[in-house]
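Okay, structure first, notes after.
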Amino acid sequence: MTTTPPSRGRRRAPSRIQRAAGKAAALQKPRVILAGLLLLALTSVMLLDGYLRAEVGGDQRVRTGAGTSEVPDDILDGGPILTFRGGRATTVSVPDKTIALTFDDGPNPTWTPEILEILEKYDVPATFFLVGSMVSRYPDIVKDMVAQGNEVGIHTFTHIDLSYQSDARVDREMEQTQLALAGAAGITTTLFRAPYSSKTDAIDNYSWPVYQRLGEDGYTSVFVDTDSEDWKRPGVSNIIKWATPEDGKGASVLFHDAGGERSQTIAALPAYIEKMKAAGYTFTTISGVTQAENAAARETSGQQADGTVPGGAGADGGGAAGAAGGRLQAAHREATGLTLYEGKALVAAVTVAEWTVPTLSVGLAVVGVAVMGRFAMMLILARRHHRKRNRRRFSWGPDVTRPVSVIVPAYNEKECIANTLASLARSTHQIEIIIVDDGSTDGTSEISREAAESLGMTNVRVIRQENAGKPAALNNGVHSAGCDIVVMMDGDTVFEPDTVRQLVQPFADPKVGAVAGNAKVGNRDTVIGAWQHIEYVMGFNLDRRMYDLLRCMPTIPGAIGAFRRDAVLEVGGMSEDTLAEDTDITIAMHRAGWNVVYQEHARAWTEAPGSLKQLWSQRYRWSYGTMQALWKHRKSLTDKGPSGRFGRVGMPLVVLFQIVTPVFAPLIDVFTAYSMIFIDFRAALLAWLAVLCVQLVCAAYAFRLDREKYRYLLMMPLQQLAYRQLMYLVLIHSCVTALTGGRLRWQKLKRTGEVGTPAGAS
151 MTTTPPSRGR
161 RRAPSRIQRA
171 AGKAAALQKP
181 RVILAGLLLL
191 ALTSVMLLDG
201 YLRAEVGGDQ
211 RVRTGAGTSE
221 VPDDILDGGP
231 ILTFRGGRAT
241 TVSVPDKTIA
251 LTFDDGPNPT
261 WTPEILEILE
271 KYDVPATFFL
281 VGSMVSRYPD
291 IVKDMVAQGN
301 EVGIHTFTHI
311 DLSYQSDARV
321 DREMEQTQLA
331 LAGAAGITTT
341 LFRAPYSSKT
351 DAIDNYSWPV
361 YQRLGEDGYT
371 SVFVDTDSED
381 WKRPGVSNII
391 KWATPEDGKG
401 ASVLFHDAGG
411 ERSQTIAALP
421 AYIEKMKAAG
431 YTFTTISGVT
441 QAENAAARET
451 SGQQADGTVP
461 GGAGADGGGA
471 AGAAGGRLQA
481 AHREATGLTL
491 YEGKALVAAV
501 TVAEWTVPTL
511 SVGLAVVGVA
521 VMGRFAMMLI
531 LARRHHRKRN
541 RRRFSWGPDV
551 TRPVSVIVPA
561 YNEKECIANT
571 LASLARSTHQ
581 IEIIIVDDGS
591 TDGTSEISRE
601 AAESLGMTNV
611 RVIRQENAGK
621 PAALNNGVHS
631 AGCDIVVMMD
641 GDTVFEPDTV
651 RQLVQPFADP
661 KVGAVAGNAK
671 VGNRDTVIGA
681 WQHIEYVMGF
691 NLDRRMYDLL
701 RCMPTIPGAI
711 GAFRRDAVLE
721 VGGMSEDTLA
731 EDTDITIAMH
741 RAGWNVVYQE
751 HARAWTEAPG
761 SLKQLWSQRY
771 RWSYGTMQAL
781 WKHRKSLTDK
791 GPSGRFGRVG
801 MPLVVLFQIV
811 TPVFAPLIDV
821 FTAYSMIFID
831 FRAALLAWLA
841 VLCVQLVCAA
851 YAFRLDREKY
861 RYLLMMPLQQ
871 LAYRQLMYLV
881 LIHSCVTALT
891 GGRLRWQKLK
901 RTGEVGTPAG
911 AS
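One point on numbering: in my numbering, the residue at position 304 of the sequence shown is 454, and numbering is uninterrupted.
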């Protein structure tokens, strides 16, 4: 064994990556936070969308048959307008020959505008009891409604029976609807109608405390005298008949502008208005009724009337706050200060949700097709690759028996380097070993020398250099190699005895410039290790079989790869331009016209990261380095010949399968959770299990090809729930880094030396 001392010349200037290390380190924490915030924002948007559609927390219970013993008789027998003036419950009736036209459940983008047109045509005002979630989704309709002179009231935010709800839920339903009104039309309101309510005689012992509590807060509760029952779609004639009061009496009349198909309502409304006007009726709002009652009370008590004309907005021309230049309806209050700004923020957030969720739905469909297409492609091509390479007559050419150089770049590998050398000592192929100590501070070179001496190895050279990074260490090894084929492996990796011999056989084909080996996780008996083991077997190795047949292998793993030495020098060696020097040089080999193949029988056992922090660091470097390499070689998209082949075939596949699809793949999980919570738990769970089964089939086939134990697949459901989300955050972090122009230094993982004898090796 020989040792080359470090050079004594002038100190090496820091590389570009080293110079940027300090700046990059300072930027990492904000990028990690931003990646997490993106996932949180997506989740929040979907929760908001579900809440707006009353699909989460939407209690569909409706109380019937409850007693009325606690409700005062004069309320049960009173008019449809319930107030609590001075803390005393009072009802107000609609005067004879007067219609307080009311609509529930809107706004609706189809039916409400048509109803507004009819009301404007006949100069009839109405009171609309609006659902807050719908207000926030269609604010422009509410703004037009108020500007036209109509009155609005609260119909809760999610259309629930408040008699079942806690005080906190009741307050939230009211406050959120007020905020929606403030954001949509710049107003709040004092009017309220409970969902599923009807006449005052239907108030029961459970709903009465709700009305009392809201009355104390200043709300006027509105009920019904006459119900058109248009929600039943009984026909135009029946709607008109059922909405008509008896014997010239006044009435609070109920129609619906949402909650279903309302074409019969649209058809019945003009005829109803014409019929009632012909019968001498006038139309007013709920405020018009209360104002008329107040005026009558003052006149009766001898006080000066305030000049209010019964008939509300239709009579006095009252309009919306600010927007139409008219004055406020009596029930409306101008929203100001924090309420106004919170309302506008709510409407803006809903607008984002309304745009985002459908867009994500389309994205999910595209991702679903891409994921299923990838699985199908991998299965078909992996099977074809396996059958082609394992048939009896297959041969790369004459056996490659000449010596090869094994280069081991090492930086602080004291835990692992002895195991690495011990595995190479058992190699069945003649090799020279070059350990390049990249400025280690833990005695790696001394341990290497001692291990080689104890093993009786005379084919080991240890080259020491100042710390310059892995690419520089590999280049040093390539220049120092004495053989025309170089094998590159990591300092934490161990080879099986037959690995090198299997790895170099493809070089019998003179067109082959590089060979990717089969990297396996050695420390697979932990949860994190098992997850990575599944990923290595299913993802990496199935992918490599596919890319091999398509002649566009994107990456030769740093743990096990072989190159023609002249080909490496031809493309300029290992580049420091990116953090993924293995991907960088692989693409460069393609562009230089060399074939890059996969040798499944050449196995290496590597130590995977043992903690989430180390896993994050490694995958962050991998994903960001891959993006750098793809950007560096972007001109291959327009090149001709071999370079153009990788650009036309390999680069789109890598971008689609390693960047785009993984970024959006968590949508499957997010939408599954969304569907379970908001839509149909059973159907969503079955759909998720179906996708999982497809993945299990692919994984099981990959394990079969690699002759791995199936028991690790028991970890796959948990991997989908936890590991994939971590990889998503890593990829988002990498995308943010790429978009902000950041760089990373080489990140050294903490090693334990767990991988000694290759697991499963004979």
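Don't be surprised by glycine CBs; every beta carbon is placed ideally from N, CA and C.
Original post:
Where are the alpha helix (DSSP H) runs, 4 residues long or more, that stay fully inside the segment 242-274, in chain order?
Top reply: 261-271
**OP:** Confirm, please, whether the CB-CB distance from Leu-762 to Ile-678 is below 8 Å.
**Re:** Taking the first residue of the sequence shown as position 1, residue 678 is located at position 528. Taking the first residue of the sequence shown as position 1, residue 762 is located at position 612. Taking 8 Å as the Cβ cut-off, Ile-678 and Leu-762 qualify as a contacting pair.
Original post:
Could you give the distance in angstroms between the alpha-carbon of Asn-668 and the alpha-carbon of Ala-503?
Top reply: Numbered from its first residue, the sequence shown carries residue 668 at position 518. Numbered from its first residue, the sequence shown carries residue 503 at position 353. Whole-angstrom Cα-Cα distance: 45 Å.
Subject >> For Met-865 and Pro-812, believed in contact at Cβ under 8 Å, the rounded distance >> reply: As a first step, residue 812 is located in the sequence shown; it is residue number 662 there, counting from the start. As a first step, residue 865 is located in the sequence shown; it is residue number 715 there, counting from the start. Not quite, the Cβ-Cβ distance comes to about 19 Å (not below 8 Å), so this is no contact.
Subject >> beta strand (DSSP E) runs wholly inside the segment 315-397, at least 3 long, in chain order >> reply: 337-339, 370-372
**OP:** From the DSSP output, read off the bridge partner residues of Ser-194.
**Re:** Here residue 194 is taken as the residue at index 44 of the sequence shown, counted from 1. Answer by DSSP bridge pairing: none, since Ser-194 is not bridged.
Original post:
How long is the line joining the alpha carbons of His-304 and Gly-775, rounded to whole angstroms?
Top reply: As a working mapping, residue 304 is identified with position 154 in the sequence shown. As a working mapping, residue 775 is identified with position 625 in the sequence shown. First, the amino acid is wrong: residue 304 is Ile here, not His. Taking the straight line from one Cα to the other gives about 55 Å.
**OP:** Go through its chain and collect everything with a Cβ distance to Glu-685's Cβ below 6 Å, but skip five positions before and after it.
**Re:** Sequence index remark: in the sequence shown, residue 685 carries index 535 (1-based). Hits under 6 Å: none found.
Original post:
How is the beta strand (DSSP E) around Phe-234 delimited, first residue to last?
Top reply: One-based indexing of the sequence shown puts residue 234 at position 84. Counting along the chain, the beta strand (DSSP E) containing Phe-234 begins and ends at 231-235.
Original post:
Out of Val-274, Thr-233, Arg-238, Ala-239, which has the shortest C-alpha to C-alpha gap to Leu-251?
Top reply: As a first step, residue 251 is located in the sequence shown; it is residue number 101 there, counting from the start. Closest option to Leu-251, Cα to Cα, is Val-274.
Original post:
Going by C-alpha distance, which of Thr-308, Ile-265, Asn-673, Leu-571 is nearest Asp-640?
Top reply: The residue you call residue 640 lines up with position 490 of the sequence shown. The residue with the shortest Cα to Cα distance from Asp-640 is Leu-571.
**OP:** Look up Tyr-697 in the DSSP assignment and say whether it is helix, strand or coil.
**Re:** As a first step, residue 697 is located in the sequence shown; it is residue number 547 there, counting from the start. Three-state result, Tyr-697: helix.
Subject >> Nearest to Val-403 (by Cα), restricted to the options Gly-385, Ala-417, Asp-377 >> reply: In the sequence shown, the residue the question calls residue 403 occupies position 253. Among Gly-385, Ala-417, Asp-377, the Cα nearest to that of Val-403 is on Asp-377.
Original post:
Using DSSP with H/G/I as helix, E/B as strand and the rest coil, what is Trp-744?
Top reply: For this step, residue 744 is matched to residue 594 along the sequence shown. Coil, per DSSP.
**OP:** Look at Thr-370 and Leu-331 and say whether their C-beta atoms are less than 8 Å apart.
**Re:** On the sequence shown, position 220 is the one that residue 370 refers to. On the sequence shown, position 181 is the one that residue 331 refers to. Cβ atoms of Thr-370 and Leu-331: not closer than 8 Å.
Original post:
Can you tell me whether Thr-591 is buried or exposed, with buried defined as 16 or more other CB within 10 angstroms of its CB?
Top reply: If you number the sequence shown from 1, residue 591 lands on position 441. Exposed is the call here.
**OP:** Could you confirm whether any beta carbon from chain D is found closer than 8 Å to the beta carbon of Arg-784?
**Re:** The structure shown contains no chain D; it is built from a single protein chain.
**OP:** Pick helix, strand or coil for Ile-635, following the three-state DSSP scheme.
**Re:** Looking up residue 635 in the sequence shown gives position 485. Strand at Ile-635.
Original post:
Under 8 Å, do Thr-736 and Thr-756 count as touching if we go by C-beta distance?
Top reply: The count along the sequence shown starts at 1 and reaches residue 736 at position 586. The count along the sequence shown starts at 1 and reaches residue 756 at position 606. Going by C-beta atoms, Thr-736 is not nearer than 8 Å to Thr-756.
Subject >> Three-state secondary structure (DSSP) of Phe-645 >> reply: Stepping through the sequence shown from its first residue, residue 645 is reached at position 495. Three-state result, Phe-645: strand.
**OP:** Mind reading off the beta-carbon distance from Arg-649 to Ala-568? Whole number of angstroms is fine, and I expect it under 8 Å.
**Re:** In the sequence shown, the residue the question calls residue 649 occupies position 499. In the sequence shown, the residue the question calls residue 568 occupies position 418. Sequence inspection shows Thr at residue 649; the Arg mentioned does not correspond to that position. Not a contact, Cβ separation roughly 18 Å.
Subject >> Closest residue to Gly-229 among Thr-240, Gly-236, Leu-312 (Cα-Cα distance) >> reply: Sequence index remark: in the sequence shown, residue 229 carries index 79 (1-based). Comparing Cα-Cα distances from Gly-229 to each of Thr-240, Gly-236, Leu-312, the minimum goes to Thr-240.
**OP:** Identify which residue in Tyr-824, Ala-849, Gln-870, Ala-850 has its Cα closest to the Cα of Ser-194.
**Re:** Taking the sequence shown and counting its residues from 1, the one referred to as residue 194 is at position 44. Ranking Tyr-824, Ala-849, Gln-870, Ala-850 by Cα distance to Ser-194 puts Tyr-824 first.
**OP:** Identify the continuous alpha helix (DSSP H) that holds Asp-223 and give its terminal residues.
**Re:** Translated into positions along the sequence shown, residue 223 becomes position 73. From DSSP, the alpha helix (DSSP H) with Asp-223 extends over 223-226.
Subject >> Whole-angstrom distance between Gly-606 and Val-516, CA atom to CA atom >> reply: Here residue 516 corresponds to residue number 366 of the sequence shown, with the count starting at 1. Here residue 606 corresponds to residue number 456 of the sequence shown, with the count starting at 1. The straight-line gap from Cα to Cα measures roughly 58 Å.
**OP:** Starting from the C-beta of Ser-604, find all residues in its chain whose C-beta is less than 8 Å away, skip the five residues before and the five after it, and write them out in chain order.
**Re:** Taking the first residue of the sequence shown as 1, we reach residue 604 at position 454. None.
**OP:** Taking only runs that begin and end inside the segment 656-742, name each unbroken beta strand (DSSP E) of 3 or more residues, in chain order.
**Re:** 662-671, 711-714
Subject >> N- and C-terminal bounds of the alpha helix (DSSP H) containing Glu-565 >> reply: Residue mapping note: residue 565 aligns to position 415 of the sequence shown, counting from 1. Segment: none, Glu-565 is in no alpha helix (DSSP H) and carries neither H nor E.
Subject >> C-beta contact flag for Ile-310 and Pro-259 at 8 Å >> reply: Within the sequence shown, residue 310 is the residue found at index 160, counting from 1. Within the sequence shown, residue 259 is the residue found at index 109, counting from 1. Not closer than 8 Å, so no.
**OP:** Helix, strand or coil for Val-212, going by three-state DSSP, please let me know.
**Re:** Taking the sequence shown and counting its residues from 1, the one referred to as residue 212 is at position 62. Here Val-212 sits in coil by DSSP.
**OP:** For Ile-710, count neighbouring Cβ atoms within 10 angstroms of its own Cβ and tell me buried if that reaches 16, exposed if not.
**Re:** As a first step, residue 710 is located in the sequence shown; it is residue number 560 there, counting from the start. Buried, because 16 or more other Cβ atoms sit within 10 Å of the Cβ of Ile-710.
**OP:** Please say whether Trp-358 and His-379 have beta carbons closer to each other than 8 Å?
**Re:** Position 229 of the sequence shown holds residue 379. Position 208 of the sequence shown holds residue 358. It is worth fixing the name first, because residue 379 is Glu in this sequence and not His. Their beta carbons are not under 8 Å apart, which means Glu-379 does not touch Trp-358 by this criterion.
**OP:** State the start and end residues of the unbroken beta strand (DSSP E) segment that holds Ser-402.
**Re:** Start at 1 with the first residue of the sequence shown, and residue 402 comes out as number 252. Element bounds for Ser-402: 401-406.
Original post:
DSSP state of Glu-858, grouped into three classes?
Top reply: For the purposes of this step, residue 858 is taken as residue 708 along the sequence shown, with counting starting at 1. Coil at Glu-858, not helix or strand.
Original post:
Do you know how far the Cα of Val-844 is from the Cα of Ala-532?
Top reply: The count along the sequence shown starts at 1 and reaches residue 532 at position 382. The count along the sequence shown starts at 1 and reaches residue 844 at position 694. Roughly 16 Å between the two C-alpha positions.
Subject >> Whole-angstrom C-beta distance between Leu-653 and Val-628, which should lie under 8 Å >> reply: Position 478 of the sequence shown, counting from 1, holds the residue named residue 628. Position 503 of the sequence shown, counting from 1, holds the residue named residue 653. That pair is no contact at about 16 Å.
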